[in-house]
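Take a look at the structure below.
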Amino acid sequence: MKPTPESTLLSPIEAPAARVLNAHGRAPAVLVCEHASRFIPAALNGLGLDAAAARSHAAWDIGAMELAVELMGALDAPLVQARVSRLVYDCNRPPERTDSMPEVSEVFDVPGNRNLTPAQRVQRVREIYEPFRDLLSATLDARPEPPVLITIHSFTPVYKGQKRDVELGILHDQDERAARVMLDHAAGCGLRTALNEPYAAADGVTHTLREHGVARGLPNVMIEVRNDLIDTPAGVNRMAGVLAPVLARTIAAFSPTGTEEQA
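At position 59 of the sequence shown the residue is numbered 58 (numbering that gives the first Met the number 0), and the sequence of numbers has no breaks.
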């Protein structure tokens, strides 16, 4: 059974749909993790997913939130987190995109997203996407100097049967400034790094960058880390140790005060 528009998707104990950690961090940067959680509100009855799908990369970006928290601490930057599975609503997609509420994600069927009515789609936009969007906007606007916007994601090593050798992807939308700077600083970090891999803006994955970074004229970059490198606490710790200095130098390149010494 799907909730009616008069009901709420998130119960009081399940809310809010998004939160900000370390809101007063000193770094001139804001970190974002749109796919931080695989949580599905009880009102949606698990979206009809089987156990494998509910735990899979289709439901969330494995290890991304843990990595984002480590980087938050290393950089002393705010972190905005979506708290609901991207299968309920993908906060890195605009409402008009059909894959903001996908019926199929890679090889996984999402029965609870089939035949959604316009009212049900509007409800998910209102209760999941808009709180995330508004919180991120408010966090960016509250910064004392224009921040670098950094979104943190992970990707599966095999997608639709195709093996992916890249370990770190650095992605950009129309504004490539921060991505180019980060790519330079990532040289020699020991990771197989590529620009706009395994995704690019043409794949529709840079909505947050465009909506919140490009629109404000802020330097912005999207990070994609292969999830087998961050699916354990030890892996997260190692990756944070690699990426924190790279990001600190990237942030410093756009800040008159500089933050490189923090990492």
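Here a beta-carbon is modelled for each residue, glycine too, at the ideal position from N, C-alpha and C.
Around the Cβ of A50, a 10 Å sphere holds fewer than 16 other Cβ atoms; the residue is exposed. Here S36 is near M64, since their CB atoms are less than 8 Å apart.
Counting of Cβ neighbours within 10 angstroms places G160 among the exposed residues, the total staying below 16. Counting of Cβ neighbours within 10 angstroms places G216 among the exposed residues, the total staying below 16. Between P77 and the set E166, L148, G168 and E126, the nearest pair of CA atoms involves L148. In the three-state reduction of the DSSP assignment, T207 falls in the helix class, which pools H, G and I. If you draw a straight line from the Cα of A214 to the Cα of T207, it comes to about 10 Å.
Taking C-beta separations shorter than 8 Å and ignoring five residues to either side along the sequence, the partners of G203 in its chain run R92, R96 and D98, following chain order. Sorting P94, P101 and L30 by C-alpha distance to the C-alpha of R142 places L30 at the top. Straight across, the Cα-Cα distance linking A53 with L134 is about 26 Å. Going by DSSP, Q119 is part of the alpha helix (DSSP H) stretching over P117 to R123. Where M221 is concerned, the enclosing beta strand (DSSP E) starts and stops at N219 to R225.
Under the DSSP definition of a beta bridge, R18 partners with Q80. Residue environment analysis places I127 among the buried positions, since at least 16 neighbouring C-beta atoms fall within 10 angstroms of its C-beta. Cβ-Cβ distances below 8 Å link A243 to E69, L70, A73, L74 and A262 in the same chain, with the five nearest sequence neighbours on each side left out; the list follows chain order. Under a 10 Å Cβ-count criterion, P11 is classified as exposed, with fewer than 16 other Cβ atoms of the shown protein chains found around its own Cβ. In this structure, the beta-carbon distance from P197 to E223 falls below 8 Å.
For G168, the enclosing beta strand (DSSP E) stretches over residues L167 to L170. Classified as exposed, A233 has fewer than 16 neighbouring CB atoms from the shown chains inside 10 Å of its CB. In this chain, the beta strand (DSSP E) harbouring I149 covers V147 to F154.
Rounded to whole angstroms, the Cβ separation of R82 and F38 is 6 Å, and the two are in contact under 8 Å.
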